[in-house]
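To keep things clear, I will list the structure first and then write my remarks on it.
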Amino acid sequence: MGTSRPTKGPSPSTPIVPTWSDDSDKGPIPGGDGPQPDTTEDDPSADDGQHQPEPAPRAPIKPPVLPDRFRTARSNFTRSAGSGGQDRDAMRRGIRDYVRNGTGGSGGATRRMGSARSAAAGVLGVLRSIQTDGVEATLSKFNLGDLAGQPIDQIFAGLTDVICEPGGNINDSIATDAWIETITELDQLGVDDLDSLSSEQIEGIFVSFIAHSIETRLYQDIGSKGIQSGKDTDAVRAFEAQLKDYIFRAVSDSVPSDVSSVGNLNDAEIRSVVNQTYQDAWELLEIWGDEE
């Protein structure tokens, strides 16, 4: 992975969902708000005067911080990395324990993604704009018109600051890393013409970003020490390849069909797709850890 891996990971006293992690629903999504839903039938001004506004949702109760909640997850990651991925069960248990004990479940793991969720929404926002308005018009929206006609990887690299919030913390770096890794896989995804993106290619780009962000989050929180402890480079690479494939399968199984028709989604619907994909993927990874 890229720039985000070399850390010691969070300490046991770190909140399960840090304050910087749950801010992905703030601000507009790049590329405009998309199609607007028809709300005439639900217009409060047209009711009989009995309409009552719904109460504001209560703030979620923060789960207590569990002492040494990352210990078993890190231990299993170290064991699997040291075996070159041959101890596949240890890898599965490590991810399961990270989700269950380290973050309090798939909901906590999803909220912990922070900037990655915002960037994932940005990925879909940019793809929505390309699908509905075309490449040149989309680049013009972001004052990147000089990229028109350039190779696709250069165009996507130029969109990095549009999709990923610039910043220096680990959370922002995870999102940027995931986007850079996604760019390197464009050839594998068969993306060779942005003006004629297929549904499969749009889904592939989205899956790639989500999977890489989960992978990097795991390395940051529980994997850095375990990976660094591996003395056999080939064994470590084998473990990394196995982990990547495992996460990609979970994300691929979690993506809703709405992604392929992103041009029809508004901002709220895009955010819903992003959050649901993350939560379903984390939940699958937890469930699979019990099915050794």
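For the sequence shown, this note's numbering gives the first residue as 139, with consecutive numbering after it.
Using N, Cα and C, we set each Cβ at its ideal position, and we do this for glycine too.
Given the structure is predicted, the values throughout are model-derived calculations rather than measurements.
Exposure label - residue i; buried when at least 16 CB within 10 Å
i: G328; result: exposed
i: N307; result: exposed
i: D359; result: buried
i: R266; result: buried
i: T371; result: exposed
i: S244; result: buried
i: S395; result: exposed
i: I425; result: exposed
i: A254; result: buried
i: G361; result: buried
i: P191; result: Residue placement at P191 cannot be trusted, given a pLDDT of 48 that sits under 50; what the coordinates show is reported in the next sentence. P191 comes out exposed.
i: G305; result: exposed
i: S311; result: buried
i: D315; result: buried
Residue i in three-state terms, based on DSSP
i: D181; result: Legend: pLDDT at D181 = 48, less than 50; position of this residue unreliable, value from coordinates given subsequently. Coil at D181, not helix or strand.
i: F377; result: helix
i: W420; result: helix
i: M229; result: helix
i: I312; result: helix
i: G252; result: coil
i: V412; result: helix
i: N307; result: coil
i: A406; result: helix
i: N214; result: helix
i: V273; result: helix
i: N281; result: coil
i: E341; result: helix
i: T241; result: coil
i: D372; result: helix
i: R207; result: coil
Contact belief for residue i with residue j at Cβ below 8 Å, rounded distance in angstroms
i: T216; j: Q417; result: Not quite, the Cβ-Cβ distance comes to about 27 Å (not below 8 Å), so this is no contact.
i: C302; j: A313; result: 5 Å
i: R386; j: A349; result: Per the sequence shown, residue 386 should be read as Phe rather than Arg. Going by Cβ atoms, the distance from F386 to A349 rounds to 5 Å, so yes, they are a contact pair.
i: T415; j: V393; result: 6 Å
i: M229; j: S351; result: With 8 Å as the limit, M229 and S351 do not qualify as a contact, their Cβ atoms being about 18 Å apart.
i: D333; j: V412; result: Contact doesn't hold; Cβ gap of about 25 Å is too wide.
i: S437; j: I340; result: As shown, the chain starts at 139 and ends at 430. That puts residue 437 outside it, with no answer to give.
i: G232; j: N214; result: 3 Å
i: R409; j: A259; result: 5 Å
i: G223; j: Q380; result: 4 Å
i: K382; j: E421; result: Actually they are not in contact, since the Cβ atoms of K382 and E421 sit about 19 Å apart, beyond 8 Å.
Straight-line Cα distance separating residue j from residue i
i: V389; j: P168; result: 23 Å
i: S218; j: A286; result: 45 Å
i: D322; j: F347; result: Looking at the sequence itself, residue 322 is Thr, so the reference to Asp does not match. Cα-Cα distance, rounded: 11 Å.
i: N404; j: T210; result: 41 Å
i: N309; j: Y236; result: 17 Å
i: G170; j: G263; result: 7 Å
i: W317; j: D206; result: 31 Å
i: Q288; j: G240; result: 43 Å
i: V374; j: A275; result: 44 Å
i: D291; j: T320; result: 10 Å
i: R234; j: R226; result: 12 Å
i: E429; j: Y357; result: 22 Å
i: V300; j: F280; result: 7 Å
i: A419; j: L282; result: 34 Å
i: L324; j: D330; result: 8 Å
i: E338; j: I293; result: 20 Å
i: I343; j: D284; result: 23 Å
i: T298; j: D391; result: 26 Å
Residue-level contact to chain C via CB, residue i, 8 Å cutoff
i: I167; result: Absent here is chain C; the protein component of the structure consists of one chain.
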